[in-house]
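These notes concern the structure reproduced below.
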Amino acid sequence: MPVQHPKDDNVPLDLEFYKRYLVPSDIGNMNLNAKLPNVNELNTQLKRLNAVKEEKYLYMPLPKHDQMKMMPIDLHSRFRHTAAGTAAERLATVKPLAWVHVPKCGSGLINTLIHLPGVCPGVPRFLRVNQQTFSEAFVVNFQKRYPLHKFCPRGFFPGHWGTHEGINRDFDAHYAGHGVIMLRQPEQRIISGWFPHDGLIFNAQQSWPYPHRLARNIKEYARVVSGCATKMLTRDGVPFRPLGHFGGPCGDPRPPSTHEILLGQRRLNAFAFVGLTEEWHMSICLFRAMYGGRCLKSEFANTRPGDRRHGKAPYSVKKLLGNYRDPYDGPLYREGVRLFWQRVRQFKLTREGCARTCFRSAMI
């Protein structure tokens with residue numbers, strides 16, 4: 301029997317799906333009014349899941365602040381001096397690229413990354429990566445068919461590539477100066493994660509971490525998954541199955557500290573590319589201006605459309621979330637917006653120019 305959420309937040313979830321991930325005796329004990337467990341209790345529950353057999357899926361103690369470096373400089377500032385150089389020179393500087401895929405912020409970026417000049421010489425030139433060509437888990441399935449180390453040698457840092465894992469442990473070694481990320485207005489991202497996508501009801505409540513307790517409504521869900529991008533930048537952790545969509549750093553119920561909020565913003569400044577989901581066309585145009593290659597039609601297709609949106613219109617935040625705003629990812633997103641438009645100006649891009657040189661000239 302589907303679980304019915306309260307009116308106005310009604311998204312039925314099929315418990316049959318969860319039966320594969322719950323201990324049989326617990327299936328009838330899923331209580332929407334149950335108290336949310338603390339992290340230790342949550343870890344105990346996760347250990348009982350058949351899908352969670354490794355320590356990496358559990359929530360670890362948070363890194364101590366004195367162990368989290370606050371970088372004093374903007375590593376990305378070198379682009380202010382090299383913008384006059386060639387895209388090939390800039391690309392050589394940032395390789396291997398490291399893709400941080402924040403949930404609901406644009407998995408279609410994979411088509412831009414794999415078709416950068418010379419980065420994936422073993423991948424067919426006209427290959428499109430989407431649900432039609434690689435099924436629902438297309439990022440994972442692409443890597444199975446085209447292992448990065450073989451088809452994109454030295455093009456990418458393969459760890460966490462395109463997943464929703466935390467990058468804290470690897471930041472200094474692999475992401476500083478090499479990271480690629482798309483950010484989305486936080487409340488829009490939360491709402492998109494709440495609703496199902498791909499027409500599959502079990503894809504609702506993305507990143508929700510509690511296996512025996514679904515969110516009663518979207519506001520409760522929002523409070524748990526707020527700060528998703530900040531937590532990915534400042535913590536470690538791996539989402540558990542299915543498809544890496546549940547739990548992980550985004551579902552970590554411990555909210556980011558003030559230190560993490562500031563650290564996330566500083567780390568964002570060290571990324572080789574920061575794009576905005578709401579400015580997808582301009583983001584692709586900027587990426588190509590920075591690192592080269594012709595714009596492709598596959599880059600502008602919505603590879604994972606939300607089921608509850610009307611065309612390209614954004615979700616109604618006021619109707620669904622009321623006055624709630626993500627207090628952790630809000631500052632990070634504002635910093636991302638600042639960096640994005642700073643680099644658009646730096647490369648002298650305009651909407652009209654991008655429409656002429658990028659969108660209309662997309663070759664496939």
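Numbered per this note's numbering, the sequence shown spans residues 301 to 664.
For each residue, glycine too, the CB sits at the ideal point set by N, CA and C.
Bounding residues of the beta strand (DSSP E) (the contiguous stretch that carries L576): Along the sequence shown, read from residue 1 onward, the residue named residue 576 stands at position 276. Counting along the chain, the beta strand (DSSP E) containing L576 begins and ends at F573 to L576.
Residue span of the beta strand (DSSP E) that contains G479, given as start and end: Position 179 of the sequence shown holds residue 479. First-last of the beta strand (DSSP E) with G479: G479 to L483.
Whose CA, out of H512, A387, W580 and P539, lies closest to the CA of H667? Because the chain in this structure spans residues 301 to 664, residue 667 falls outside the shown range and cannot be described.
Could you pull out every residue in the same chain whose Cβ sits closer than 6 Å to the Cβ of N411, ignoring the five residues on either side in sequence? The residue labelled residue 411 in the question sits at position 111 within the sequence shown. V429, S598 and E599, listed in sequence order.
With the cut-off set at 8 Å, would you say G462 and A601 are in Cβ contact? The residue you call residue 462 lines up with position 162 of the sequence shown. The residue you call residue 601 lines up with position 301 of the sequence shown. Result no, Cβ atoms of G462 and A601 do not sit closer than 8 Å.
Locate the alpha helix (DSSP H) running through W641, then write down its first and last residues. Within the sequence shown, residue 641 is the residue found at index 341, counting from 1. Its alpha helix (DSSP H) spans residues D629 to Q646.
Within the stretch 495-563, ranges of the alpha helix (DSSP H) (whole runs, at least 4 residues): 518-525 and 528-534
Using the Cα positions of C654 and Y624, report the straight-line distance between them to the nearest angstrom. In the sequence shown, counting from the first residue as 1, residue 654 sits at position 354. In the sequence shown, counting from the first residue as 1, residue 624 sits at position 324. Taking the straight line from one Cα to the other gives about 35 Å.
For R645 and N340, what's the separation of their Cα atoms in angstroms? Within the sequence shown, the letter at position 345 stands for residue 645. Within the sequence shown, the letter at position 40 stands for residue 340. Distance between the alpha carbons of R645 and N340: 48 Å.
Can you tell me the Cβ-Cβ gap for F471 and R567, rounded? I've got them flagged as a contact below 8 Å. Here residue 471 corresponds to residue number 171 of the sequence shown, with the count starting at 1. Here residue 567 corresponds to residue number 267 of the sequence shown, with the count starting at 1. Rounded, the Cβ-Cβ distance is 6 Å, consistent with contact.
Roughly how many angstroms separate the alpha carbons of E635 and D536, rounded to a whole number? On the sequence shown, residue 635 is found 335 positions in, with the first residue counted as 1. On the sequence shown, residue 536 is found 236 positions in, with the first residue counted as 1. C-alpha separation (whole angstroms): 22 Å.
Compute the Euclidean distance between the alpha carbons of K444 and S435, then round it to the nearest angstrom. Here residue 444 refers to the residue found at position 144 when the sequence shown is read from its first residue. Here residue 435 refers to the residue found at position 135 when the sequence shown is read from its first residue. Roughly 12 Å separates the two Cα atoms.
Identify the continuous beta strand (DSSP E) that holds V400 and give its terminal residues. Counting from 1 along the sequence shown, the entry for residue 400 is found at position 100. V400 -> beta strand (DSSP E) spans A398 to V400.
Per-residue DSSP class, three states only, for F426: Position 126 of the sequence shown, counted from the start, is the residue given in the question as residue 426. Reduced to three states, the DSSP call for F426 is coil.
Between the C-alpha atoms of G592 and H415, what's the straight-line distance to the nearest angstrom? In the sequence shown, the residue the question calls residue 592 occupies position 292. In the sequence shown, the residue the question calls residue 415 occupies position 115. G592 and H415: Cα-Cα distance of roughly 10 Å.
In chain order, what residues of the same chain lie with their CB nearer than 6 Å to the CB of G406, ignoring the 5 residues before and after it? Residue numbering aside, residue 406 sits at position 106 when the sequence shown is read from its first letter. Taken in chain order, the residues that qualify are M482 and T577.
Alpha carbon to alpha carbon, how far is L649 from I584? Give it in angstroms, no decimals. In the sequence shown, counting from the first residue as 1, residue 584 sits at position 284. In the sequence shown, counting from the first residue as 1, residue 649 sits at position 349. Spanning the two alpha carbons is a distance of roughly 11 Å.
For F456, which residues does DSSP report across the bridge? Taking the sequence shown and counting its residues from 1, the one referred to as residue 456 is at position 156. Looking at the DSSP assignment, F456 forms a beta bridge with L397.
Comparing alpha-carbon positions, which option in T530, P447, C550 and A570 lies nearest E560? Taking the sequence shown and counting its residues from 1, one reaches residue 560 at position 260. For the residues T530, P447, C550 and A570, the minimum Cα distance to E560 belongs to T530.
Only counting the same chain, and skipping five residues up and downstream in sequence, which positions put a Cβ closer than 7 Å to that of G630? Along the sequence shown, one-based indexing puts residue 630 at 330. For G630, where only same-chain residues beyond five positions count, the Cβ hits under 7 Å are P486.
Quick test of your reading: V419 and C452, contact by CB under 8 Å. State the CB separation rounded to the nearest angstrom. Sequence index remark: in the sequence shown, residue 419 carries index 119 (1-based). Sequence index remark: in the sequence shown, residue 452 carries index 152 (1-based). Contact holds; Cβ gap of about 6 Å.
Find the nearest neighbour of Q642 within the set W580, R656, G575 and K618, judged by alpha-carbon distance. Position 342 of the sequence shown, counted from the start, is the residue given in the question as residue 642. Q642 has its Cα closest to that of G575, out of W580, R656, G575 and K618.
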